[in-house]
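See structure below.
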Amino acid sequence: MYLPEHFAEDRPEQLHDLMRSYPLGTLVMHTDAGLDANHIPLELLAERGAHGVLQGHIARANPLVQQITDGAPVLVIFQGPHGYISPNWYPSKHETHRQVPTWNYQVVHAHGRIRLRDDERFVRGLVARLTREHEAHAEPERPWKMTDSSPDYISEMLAKIVGIEIEIERLVGKFKLSQNKVAADVAGVVEALDARGEQTLADSMRGFLEPAKQ
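Our numbering puts the first residue of the sequence shown at 156, with every later residue one more than the last.
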């Protein structure tokens with residue numbers, strides 16, 4: 156990934172926050188058929204290992220189950236807020252006419268090694284944790300629980316998935332949030348994003364940028 160110094164983000168807590176806030180990771184690995192990508196909700200266990208561990212599950216019918224070899228290198232991409240930035244939003248554009256369009260975004264690349272976890276206890280515990288986490292946001296008043304369904308049905312569903320675990324070896328973050336712009340232009344972008352209802356990206360710029368240097 157092209158990573159100019161002013162867009163590089165290496166603070167573990169910021170990288171972990173994005174991974175937790177946007178847990179649908181894009182798992183990229185090399186298979187016999189070439190590069191393959193799967194989109195998987197993942198749980199981050201930040202306290203395990205040097206850089207953390209990711210856990211998730213895939214369908215047993217997914218060809219990836221047969222293609223994964225324990226210890227194979229993989230890349231997982233976590234995409235955060237992003238959006239188009241118009242030159243018209245920079246006050247300096249109207250003075251110098253020396254601005255061009257760009258795209259602001261936040262992304263984390265997790266490099267690591269994968270292994271299958273094909274055991275019912277692991278999968279059941281993982282699904283229970285993922286369910287609790289996401290139901291707390293989706294249905295806080297009446298969250299769905301595994302016990303809402305019959306034990307036989309849940310066992311049948313769990314048998315159709317296989318767990319995966321990725322030991323993270325390296326995290327690379329790129330938070331491209333107008334760090335290369337002067338303070339007035341940054342403020343102009345934030346104001347424009349707010350006005351268009353793109354609150355998440357605007358808040359990211361407010362929360363992650365140090366005051367831009369004039």
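Where is the CB? At the ideal position from N, CA and C, for every residue including glycine.
Small disclaimer: the values here were computed from a predicted structure and weren't measured.
- Report yes or no: do three or more beta-carbon pairs, one from the region 326-335 and one from the region 256-268, lie closer than 8 Å? yes
- Query: Does the beta-carbon of Leu-199 have 16 or more other beta-carbons within 10 angstroms, so that it is buried, or is it exposed?
  - Reply: buried
- Query: What residues in its chain sit with their C-beta under 6 Å from that of His-206, if we drop five residues either side in the sequence?
  - Reply: Ile-323 and Leu-326
- Message: What would DSSP say about Pro-228, mapped onto helix, strand or coil?
- Response: strand
- What does Arg-268 pair with, by DSSP beta-bridge criteria? Pro-228 and Glu-322
- Task: Please determine if the region 230-238 and the region 172-186 are in contact, where contact requires at least 3 C-beta pairs separated by less than 8 Å.
- Result: yes
- Task: Give a yes or no on contact between the region 281-291 and the region 209-222, applying the rule of three or more CB pairs nearer than 8 Å.
- Result: yes
- Buried/exposed call for Lys-315, threshold 16 Cβ in 10 Å: exposed
- If you drop the 5 nearest sequence neighbours on each side, which residues of the same chain put their C-beta closer than 8 Å to that of Thr-355? Pro-236
- Have a look at Leu-197 and Ala-265 and give me their C-alpha separation to the nearest angstrom. 12 Å
- Message: One question on the structure: do Pro-246 and Pro-256 come within less than 8 Å of each other, judged by their Cβ atoms?
- Response: no
- Query: Quick one: is Ser-310 buried, meaning 16 or more other Cβ sit within 10 Å of its Cβ, or exposed?
  - Reply: exposed
- Query: When the Cα atoms are used, what is the spatial distance from Gly-318 to Leu-348?
  - Reply: 39 Å
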